[in-house]
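K.L.:
Counting in the working numbering, the final residue of the sequence shown is number 849, and the numbers go up one at a time with none missing.
Glycine residues also receive a C-beta, built at the ideal position from the N, C-alpha and C atoms.
Note that the coordinates shown come from a computational prediction; the quantities given were computed from them, not determined experimentally.
Submitted below is the structure of interest, expressed as structure tokens.
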Amino acid sequence: MNNRNFTFLLFVFLIGICFQNFAQETNYNNFYLTLNPDTVKPQRFDMGKMWTFDFPPLEYFKEEYDFSPSKEWLDKVQKSALRYGNGCSASFVSGDGLIMTNHHCTRGDLPDVQKEGEDLLRDGFYAATSEEERQMPGLFVDQLILIEDVTDDIKSSMNAGANDDEKVELKRKRILEIETAGKEKNPDLYYKVVTLYNGGKYSLYGYKRYNDIRLVFVPDLRTAKLGGDYDNFTYPRYGLDCAFFRAYENGKPVKTENYFEWSDNGAVEDEPIFVVGNPGTTTRIHTIAQIQFARDIQTPMTVALFKDLYAIYEEMVMADNAENFEMVARLYSIGNGLKVYEGTYKGLLDPYLMARKVNFEKEFKEAVQSNIELNKKYGHIWNEISQSRNEASLHARELFSYSLSSFYSPVYFRIARDVIQFADQLKLDEDKRKPEFRGDALKETISKIFPEYIDESLQEKLFELQLNLFERNLGSENKFVKDFVGSNTGGNIIESIMNRSLLTSKEKVDELCKLTPDEILNSNDPFIKFRVSTRERLAEISKKEIEIQNREAINNQLLGEALYKVYGDVIPPDATFTLRIADGVMKSYDYNGTKAPLKTTFYGVLDHYYSYDKKFPFNLSPMWENLPEEFDLSTPLNFISTNDIIGGNSGSPVINRDAEIVGLAFDGNIESLSARYIYTTEANRTVSVHSSGMIEAIRDLYRATRLSDELLSGKMK
133 MNNRNFTFLL FVFLIGICFQ NFAQETNYNN FYLTLNPDTV KPQRFDMGKM
183 WTFDFPPLEY FKEEYDFSPS KEWLDKVQKS ALRYGNGCSA SFVSGDGLIM
233 TNHHCTRGDL PDVQKEGEDL LRDGFYAATS EEERQMPGLF VDQLILIEDV
283 TDDIKSSMNA GANDDEKVEL KRKRILEIET AGKEKNPDLY YKVVTLYNGG
333 KYSLYGYKRY NDIRLVFVPD LRTAKLGGDY DNFTYPRYGL DCAFFRAYEN
383 GKPVKTENYF EWSDNGAVED EPIFVVGNPG TTTRIHTIAQ IQFARDIQTP
433 MTVALFKDLY AIYEEMVMAD NAENFEMVAR LYSIGNGLKV YEGTYKGLLD
483 PYLMARKVNF EKEFKEAVQS NIELNKKYGH IWNEISQSRN EASLHARELF
533 SYSLSSFYSP VYFRIARDVI QFADQLKLDE DKRKPEFRGD ALKETISKIF
583 PEYIDESLQE KLFELQLNLF ERNLGSENKF VKDFVGSNTG GNIIESIMNR
633 SLLTSKEKVD ELCKLTPDEI LNSNDPFIKF RVSTRERLAE ISKKEIEIQN
683 REAINNQLLG EALYKVYGDV IPPDATFTLR IADGVMKSYD YNGTKAPLKT
733 TFYGVLDHYY SYDKKFPFNL SPMWENLPEE FDLSTPLNFI STNDIIGGNS
783 GSPVINRDAE IVGLAFDGNI ESLSARYIYT TEANRTVSVH SSGMIEAIRD
833 LYRATRLSDE LLSGKMK
């Protein structure tokens, strides 16, 4: 081919590519430009499929899957599932108290139990004998044993209140009384009143708590989370995100009849599978006014904060060549939060999804308003919630900015808080002070105000973050910010503030604490002055916020009641970090111009490792350079399904209709991040570790045969 013909064909090819991209962009834009919101209809499962064990959807399971779980099946599944600590899910997977959850649910605890010379995040852990199983201080799991409806009891107590504040207080007191009475009746259980349908229904849950939890096995961090944040909330995935523990009682492994056996085949396409866990929080019942408040005010503030915070820790991780695994784990946690909030925000900005929410509310309101009795009791809800969200928007940015946090604010604000508390306490007569501010305890309290170690480089970065936060949400003309920053706006603002501060060393803080309380509170230290000068305003808007929340809590409860009266338990209640069962199937979806595979294999792990030149975050531990001969790379590792999950479901067992483990839920895809407000069946997917992949890795890669034998047999060897 001559050069002229080649050039012409190349020109035609490029024009074609440009036209194709333009057409795709045009089609996408035209979809929204031509979208008529009034024609968008809500879908059957927009409110999700997080069914409670209070009201399992037996008719739906029969209709959808020709599956009719017995009471015995439901009872076994309920008692085999666990709530892990304060934020994840788990399950019993052997009769000897073996517990399965996600690696990412426990990675923050691992450094606390490693011995000198160990790095459990870098190298993983395996207890080859019972004696080597390592106790996890402070860790517990809860097993749901009892469910009792207490709706009428709580509502009758609330009805005695003359106003919203009284009703909320009466509800709080009655809930405490019910929980206390349960404990007196059966002291072996831990009782919690659970709110469903925003208070449309209340249930008393009785949990058996296991406090002696010991580590059995965790893979190394690099294998558990290959790809780090780059591959977080994406699919295809290649992560071995699992961890195994054991529950003990009286120094011996727990014996339990309620546990999930291991499936021989794992998840199979088109067969029903169920995620059983404790989804954290959804707000799918929220009104459009509440969703718009989250879209326009609340979520953008949070996204901006997490972006700044992520940039800080990413810089620190890369400066250390990603060799500080505790720092890497922290980066992953922040990155996870950032993607959650960004994905949620993107969903809130999607006009199609918003139209579905708007039209669901329209149909719901019409159902209420067309019924004289329902309209009389519930017809006012939407206008009142809209009014309360308008009121909250007036002070939301101030409340966010003045409520300083140790999570992201420089440590000097925390020191200032403690110094101010010290001064406030010393103004009181000694017998009215808190115990730590009396007598001999006072000296020790003073000694703890200034931290033993401060990473000054990190604090300077957090300082920049805090100043950015003030600028975004309060503006440079805010009187408190202007006073804090001072007149030196042309030079180094941070350096200027630090030079004026009395909180930059332990010696200075000790000297400051020798002054009178009034001298401390009237100090010109910029951190103390900011906290003192803003606390009156913070108290004022906090009080107003509580009033709004109490008023809205009553309306939210009425909203839940109305939803239940109109739809019954055909619609599941919002997630409340309580046990749910979510049905689904393995199913692909379209993305990025292609189709998602139902499963991935260990071959993909090596592909990513070498494709990214073994660089962070696609680097792997050295064992991947010389794999055991018996390790089968074709084994399924991760898979997708249509189950409805959200944060809190991490560590949930994925089971088949025989109540056998086919997987371990650990994530959702990018398309699932709008699930806080709406569940969509088109592309929302759960990502799980395949049961076959876990066995293959545990047995043939990590050679943890004691564990793999127990998983397959259900008994400790």
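How big is the Cα-Cα spacing for Ser98 and Arg546?
P.N.:
Coverage of the chain is limited to positions 133 through 849, which leaves residue 98 absent and any answer about it impossible.
K.L.:
For the alpha helix (DSSP H) holding Ser525, just list the boundary residues, first then last.
P.N.:
Here the question's residue 525 lines up with position 393 in the sequence shown. 513 to 525 is the span of the alpha helix (DSSP H), which, as asked, contains Ser525.
K.L.:
Check this for me: beta carbons of Val543 and Gln591, under 8 Å apart or not?
P.N.:
Locating residue 543 in the sequence shown gives position 411, counting from the first residue. Locating residue 591 in the sequence shown gives position 459, counting from the first residue. Contact: yes.
K.L.:
Would you list the residues sitting across from Cys645 in a DSSP beta bridge?
P.N.:
On the sequence shown, position 513 is the one that residue 645 refers to. Its beta-bridge partners do not exist; DSSP assigns none.
K.L.:
Who are the Cβ neighbours of Pro785 in its own chain at under 6 Å, not counting the five residues just before and after it?
P.N.:
Position 653 of the sequence shown holds residue 785. Only Ser223, Phe392, Val408, Ile793 meet the Cβ criterion.
K.L.:
Gly825 lies in the alpha helix (DSSP H); which residues open and close that run?
P.N.:
In the sequence shown, residue 825 corresponds to position 693, counting from 1. Taken as a continuous stretch (DSSP letters only), the alpha helix (DSSP H) holding Gly825 covers 823 to 828.
K.L.:
Would you call the segment 679 to 695 in contact with the segment 568 to 584, where contact means no fewer than 3 C-beta pairs closer than 8 Å?
P.N.:
Contact fails: fewer than three Cβ-Cβ distances are below 8 Å.
K.L.:
Is the segment 385 to 403 touching the segment 470 to 487 in the sense that three or more CB pairs, one from each, lie closer than 8 Å?
P.N.:
Cβ pair count under 8 Å is below three, so no.
K.L.:
Quick one: grab the DSSP three-state call for Cys220.
P.N.:
Sequence index remark: in the sequence shown, residue 220 carries index 88 (1-based). Correct three-state label for Cys220: strand.
K.L.:
What number of angstroms, rounded off, separates the C-alpha of Asp178 from the C-alpha of Pro201?
P.N.:
As a first step, residue 178 is located in the sequence shown; it is residue number 46 there, counting from the start. As a first step, residue 201 is located in the sequence shown; it is residue number 69 there, counting from the start. Those two C-alpha atoms are separated by around 24 Å.
K.L.:
So, for Asp832: in the same chain, excluding its five sequence neighbours on each side, which residues have a beta-carbon less than 8 Å away from its beta-carbon?
P.N.:
Here the question's residue 832 lines up with position 700 in the sequence shown. For Asp832, where only same-chain residues beyond five positions count, the Cβ hits under 8 Å are Pro760, Glu762, Phe763, Asp764.
K.L.:
May I have a chain-ordered list of the alpha helix (DSSP H) segments no shorter than 4 residues that lie completely inside the segment 207 to 265?
P.N.:
Runs found: 242 to 245, 252 to 255.
K.L.:
Look at the Cβ atom of Phe406, then the Cβ atom of Gly800, and state whether they are nearer than 8 Å.
P.N.:
What you label residue 406 is simply residue 274 of the sequence shown in a count that begins at 1. What you label residue 800 is simply residue 668 of the sequence shown in a count that begins at 1. Contact flag unset, no.
K.L.:
Straight-line CA distance for Glu803 to Tyr258?
P.N.:
Working through the sequence shown from its first residue, we reach residue 803 at position 671. Working through the sequence shown from its first residue, we reach residue 258 at position 126. Their backbone Cα atoms lie some 35 Å apart in a straight line.
K.L.:
Name, in chain order, the residues that DSSP records as bridge partners for Ala379.
P.N.:
For the purposes of this step, residue 379 is taken as the residue at position 247 of the sequence shown. Note: Ala379 sits in a beta bridge opposite Ile345.
K.L.:
For the beta strand (DSSP E) that Asn295 lies in, which residues bound it at each end?
P.N.:
By 1-based counting over the sequence shown, the position of residue 295 is 163. Looking at the DSSP string, Asn295 is not in any beta strand (DSSP E), and its letter there is neither H nor E.
K.L.:
Could you name the residues of the same chain whose beta carbon sits closer than 7 Å to that of Ala499, not counting the 5 residues immediately before and after it, in chain order?
P.N.:
Numbered from its first residue, the sequence shown carries residue 499 at position 367. Here the set comprises Val698.
K.L.:
In the DSSP assignment, what residue or residues form a beta bridge with Arg187?
P.N.:
For the purposes of this step, residue 187 is taken as the residue at position 55 of the sequence shown. This sequence places Phe at residue 187; Arg is not what is there. Looking at the DSSP assignment, Phe187 forms no beta bridge with any residue, so it has no partner.
K.L.:
On the premise that Phe709 lies in contact with Asn291, defined as a C-beta separation below 8 Å, what is that separation, rounded to the nearest angstrom?
P.N.:
Residue numbering aside, residue 291 sits at position 159 when the sequence shown is read from its first letter. Residue numbering aside, residue 709 sits at position 577 when the sequence shown is read from its first letter. With 8 Å as the limit, Asn291 and Phe709 do not qualify as a contact, their Cβ atoms being about 28 Å apart.
K.L.:
Confirm, please, whether the CB-CB distance from Trp183 to Pro189 is below 8 Å.
P.N.:
Position 57 of the sequence shown, counting from 1, holds the residue named residue 189. Position 51 of the sequence shown, counting from 1, holds the residue named residue 183. The answer is yes: Cβ separation under 8 Å.
K.L.:
Between Ser840, Met848, Ala707, Tyr811, which lies nearest to Ala375 when the distance is taken from Cα to Cα?
P.N.:
Taking the first residue of the sequence shown as position 1, residue 375 is located at position 243. Of the listed residues, the one whose Cα sits closest to Ala375 is Ser840.
K.L.:
Given the structure, does Lys614 come close to the ligand PLP, in the sense that its CB is under 7 Å from one of the ligand's heavy atoms?
P.N.:
With respect to the ligand PLP, the structure shown offers nothing to examine, as it has no ligands at all.
K.L.:
How about Arg817 and Ser782: do their beta carbons lie closer than 8 Å?
P.N.:
As a first step, residue 817 is located in the sequence shown; it is residue number 685 there, counting from the start. As a first step, residue 782 is located in the sequence shown; it is residue number 650 there, counting from the start. Taking 8 Å as the Cβ cut-off, Arg817 and Ser782 do not qualify as a contacting pair.
K.L.:
Just the C-alpha distance for Ile652 and Asp642, rounded to the nearest angstrom, thanks.
P.N.:
Translated into positions along the sequence shown, residue 652 becomes position 520. Translated into positions along the sequence shown, residue 642 becomes position 510. So the two alpha carbons sit approximately 12 Å from each other.
K.L.:
Is Gly618 closer than 8 Å to Arg604 when the C-beta atoms are compared?
P.N.:
Position 472 of the sequence shown, counting from 1, holds the residue named residue 604. Position 486 of the sequence shown, counting from 1, holds the residue named residue 618. Not a contact, by the Cβ cut-off of 8 Å.
K.L.:
Using the Cβ count rule (16 or more neighbours within 10 Å means buried), how would you classify Pro351?
P.N.:
In the sequence shown, counting from the first residue as 1, residue 351 sits at position 219. Buried.
K.L.:
With a threshold of 8 Å on Cβ separation, who are the neighbours of Tyr742 within its own chain once the five nearest residues in sequence on each side are excluded?
P.N.:
In the sequence shown, the residue the question calls residue 742 occupies position 610. So no residue of the chain qualifies.
K.L.:
If we ignore side chains and look at the alpha-carbon of each, how far apart do Leu691 and Glu493 end up?
P.N.:
By one-based count along the sequence shown, residue 691 stands at place 559. By one-based count along the sequence shown, residue 493 stands at place 361. Cα to Cα, the separation comes out at about 11 Å.
K.L.:
The alpha helix (DSSP H) that contains Thr767, what's its start and end?
P.N.:
Within the sequence shown, the letter at position 635 stands for residue 767. Where Thr767 is concerned, there is no enclosing alpha helix (DSSP H), given that its DSSP letter is neither H nor E.
K.L.:
I'd like to know if the segment 818 to 826 and the segment 413 to 433 are in contact, where contact means that at least 3 CB-CB pairs between them fall below 8 Å.
P.N.:
At 8 Å Cβ cutoff, the stretches do not touch.
K.L.:
I believe Leu302 touches Gly217 by the beta-carbon criterion, under 8 Å. Please report the beta-carbon distance rounded to the nearest angstrom.
P.N.:
Taking the sequence shown and counting its residues from 1, the one referred to as residue 302 is at position 170. Taking the sequence shown and counting its residues from 1, the one referred to as residue 217 is at position 85. The pair is not a contact, with the Cβ atoms about 31 Å apart (cut-off 8 Å).
K.L.:
If you drop the 5 nearest sequence neighbours on each side, which residues of the same chain put their C-beta closer than 6 Å to that of Met848?
P.N.:
Translated into the one-based positions of the sequence shown, residue 848 becomes position 716. Asp228, Glu842, listed in sequence order.
K.L.:
Using C-beta distances below 6 Å, list every residue in its chain close to Ile629, excluding the 5 sequence neighbours before and after it, in chain order.
P.N.:
Locating residue 629 in the sequence shown gives position 497, counting from the first residue. Around Ile629: Pro658.
K.L.:
DSSP has Phe406 in a bridge; who is on the other side?
P.N.:
Locating residue 406 in the sequence shown gives position 274, where the first residue counts as 1. Note: Phe406 sits in a beta bridge opposite Asp715, Ile787.
K.L.:
Taking the straight line between their C-alpha atoms, what separation do you get for Leu252 and Met459?
P.N.:
Indexing the sequence shown from 1 puts residue 252 at position 120. Indexing the sequence shown from 1 puts residue 459 at position 327. Straight-line Cα distance between these residues: approximately 13 Å.
K.L.:
Which word fits Ala714, buried or exposed, when buried means at least 16 other C-beta atoms lie within 10 angstroms of its C-beta?
P.N.:
Taking the sequence shown and counting its residues from 1, the one referred to as residue 714 is at position 582. Answer is buried; the Cβ neighbour count reaches 16.
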